[in-house]
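Participant:
Protein chains in written order, with our numbering: chain A, 238 to 451; chain B, 238 to 451.
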């Protein structure tokens, strides 16, 4: 069974989504550990409630950022983790961890990449005036939200949306497509060719590319 | 009834979509003229077949680009045109025409803007490896595909898509949302606030944000 490690800095709602999908038996994976850079984050509470070992690794304890990621890679490897999931981890992953898990680190981002990278993507989208928004699960590379795209889902922007209402709607989709992407990986169906993630047998996008209830 | 002028350089399939929607009585507008920069383009044939006056205006006949757009603005105004539609017009519209029709010029672009501006947007999207693509109807400003977004529609990228198959699928959506945007304009339901196009009464996005048949 695929062993997963999760990196989170905050509430970790996508971490919870993985836990729930695992319990619902939709996802045949084992979540081995949570690693966080934030001592009191809610994700730790979720880990404890679900008997998942949680490690707080303090960046300030390490001379360089690279050393910090060597340490994280060490802990993940020690736990036998085969796939790393970023779930609201508010740092840019650096080479030592990327090299330890090449195309084995996923992230979910609340926009239809390549549009609106970085922070406050939903607000960026509203400020730009888009009518279609969404979210993206991608493999992590050296850049910020630049890696090969595994799956995306779109939602309509509704008249009168604010950053919060749009974020809530997108988050519901994140909780659907992130576990789905992990499922595809766990079934060995993902192959990266250049920038393109080829999905063995294709992917049924129904339910992802849908309207929200208006 | 709203009088429309169309600018096209090529086959003008979106021009045809407007003609068809008008005939089907879904669109209460009158297409007053076609203006083209390309003498032998197929759009001219469509105009002739539908009794729409077609003007070939040769850029080489004008000392400056601005003069060229002054001439186009003159012809459109002479025809009483109230809304200008770009339908595969392969030039960047300049100030004289923009000033004559402020937020009265629309364009359709085969991507979910702000992603993949400019030429070969569908190929750009495939090369980037996106899983969701689409099209955008927007008001035209000084930039290339940068103006306020009126409506967008999304489609899934299907495993094995090439630029042609994806373009075909997106084009079907263009033919739906472009006339729809014109309809909203003709009903006085569009108001531009900064970068955001507010649609009076909101918009029913059903049918736009949908999956293609897989």
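Each residue gets a CB set at the ideal place from its N, CA and C atoms; glycine is no exception. Source: prediction; values computed, not measured.
With distances taken between CB atoms, is the gap from residue 394 of chain A to residue 408 of chain A smaller than 8 Å?
Facilitator: Taking a C-beta distance under 8 Å as the contact criterion, residue 394 of chain A and residue 408 of chain A do not qualify as a contact pair.
Participant: Would you kindly report the start and end of the unbroken alpha helix (DSSP H) that includes residue 399 of chain B?
Facilitator: Taken as a continuous stretch (DSSP letters only), residue 399 of chain B belongs to no alpha helix (DSSP H), as it is neither H nor E.
Participant: With three or more beta-carbon pairs closer than 8 Å as the criterion, would you say the stretch 279-287 of chain B touches the stretch 366-382 of chain B?
Facilitator: no
Participant: Grouping DSSP H, G and I as helix and E and B as strand, with all else coil, what is residue 419 of chain B?
Facilitator: helix
Participant: Tell me which residues share the same chain as residue 244 of chain A and place their Cβ nearer than 6 Å to its Cβ, disregarding the 5 neighbours each side in the sequence.
Facilitator: 272, 323, 326
Participant: Can you tell me whether residue 299 of chain B is helix, strand or coil according to DSSP?
Facilitator: coil
Participant: Would you identify the three-state DSSP class for residue 267 of chain B, choosing helix, strand or coil?
Facilitator: strand
Participant: In chain order, which alpha helix (DSSP H) runs of at least 4 residues are fully inside the stretch 317-371 of chain B?
Facilitator: If only complete runs of 4 or more residues are kept, the stretch 317-371 of chain B shows the alpha helix (DSSP H) at 332-337, 358-365, in order along the chain.
Participant: Distance cutoff 8 Å, beta carbons only. Does residue 450 of chain B sit that close to anything in chain A?
Facilitator: Annotation note: pLDDT 31 at residue 450 of chain B (below 50); position unreliable, coordinate value reported separately. With 8 Å as the cut-off, residue 450 of chain B does not count as an interface residue toward chain A.
Participant: Mapping the DSSP letters down to three states, classify residue 238 of chain B as helix, strand or coil.
Facilitator: coil
Participant: Alpha carbon to alpha carbon, how far is residue 363 of chain B from residue 347 of chain B?
Facilitator: 12 Å
Participant: Can you list, in chain order, the residues of its chain with a C-beta nearer than 6 Å to that of residue 307 of chain A? Leave out the 5 residues immediately preceding and following it.
Facilitator: 333
Participant: Applying the 10 Å Cβ sphere with the 16-neighbour rule, what's the burial state of residue 385 of chain B?
Facilitator: buried
Participant: Classify residue 436 of chain A as helix, strand or coil using the three-state DSSP reduction.
Facilitator: strand
Participant: Considering only C-alpha positions, which residue in the set A:361, A:249, A:379, A:337 is nearest to residue 318 of chain A?
Facilitator: Residue 318 of chain A has its Cα closest to that of A:337, out of A:361, A:249, A:379, A:337.
Participant: Counting pairs of beta carbons, one from the stretch 298-316 of chain B and one from the stretch 420-440 of chain A, are three or more of them closer than 8 Å?
Facilitator: no
Participant: For residue 411 of chain B, which residues from the same chain have a beta carbon less than 7 Å from its beta carbon, with the 5 sequence-adjacent residues on both sides left out?
Facilitator: 251, 345, 347, 372
Participant: Does any residue of chain A bring its CB to less than 8 Å from the CB of residue 349 of chain B?
Facilitator: For residue 349 of chain B, the answer is yes, since a Cβ of chain A falls inside 8 Å of its Cβ.
Participant: Let me make sure I understand the geometry here. Which of A:321, A:392, A:260, A:330 has the alpha-carbon closest to that of residue 304 of chain A?
Facilitator: A:330
Participant: Quick check on residue 432 of chain A - is its C-beta less than 8 Å from some C-beta in chain B?
Facilitator: yes
Participant: Just tell me which of B:247, B:375, B:354 has its CA closest to the CA of residue 421 of chain B.
Facilitator: Checking every option, the nearest Cα to that of residue 421 of chain B belongs to B:375.
Participant: Between the Cα of residue 340 of chain B and those of B:356, B:419, B:257, spot the shortest distance and give me the residue it belongs to.
Facilitator: Ranking the options by Cα distance to residue 340 of chain B, first place goes to B:419.
Participant: Residues in the same chain with beta-carbon distance under 6 Å from residue 355 of chain A, minus the five sequence neighbours each way, listed in chain order, please.
Facilitator: 381
Participant: Between B:417, B:398, B:379, which lies nearest to residue 389 of chain B when the distance is taken from Cα to Cα?
Facilitator: B:417
Participant: Need the endpoints of the alpha helix (DSSP H) that residue 285 of chain A sits in, please.
Facilitator: 279-286
Participant: Which two residues bound the contiguous beta strand (DSSP E) that contains residue 430 of chain A?
Facilitator: 427-430
Participant: Any Cβ of chain A within less than 8 Å of the Cβ of residue 290 of chain B?
Facilitator: no
Participant: So the candidates are B:242, B:274, B:357, B:438; which of them puts its Cα closest to the Cα of residue 400 of chain B?
Facilitator: B:357
Participant: I need the straight-line Cα distance from residue 350 of chain A to residue 383 of chain A, nearest angstrom please.
Facilitator: 8 Å
Participant: Do the CB positions of residue 270 of chain B and residue 247 of chain B come within less than 8 Å of each other?
Facilitator: no
Participant: Quick check on this structure: which residue in A:406, A:360, A:289 has the alpha carbon closest to the alpha carbon of residue 267 of chain A?
Facilitator: A:289
Participant: What span of residues does the alpha helix (DSSP H) with residue 250 of chain A cover, start to end?
Facilitator: 250-260
Participant: Check distances from the C-beta atoms of the stretch 388-407 of chain B to those of chain A and list, in chain order, the residues that come in under 9 Å.
Facilitator: So the close ones are 388, 389, 390, 391, 392, 393, 394, 395, 396, 397.
Participant: Near residue 292 of chain B, which residues of its chain fall below 8 Å by C-beta distance, leaving aside the five closest residues on each side in sequence?
Facilitator: 270, 271, 272, 273, 312
Participant: Hey, quick one: how far does the beta strand (DSSP E) through residue 388 of chain B stretch, first residue to last?
Facilitator: 386-393
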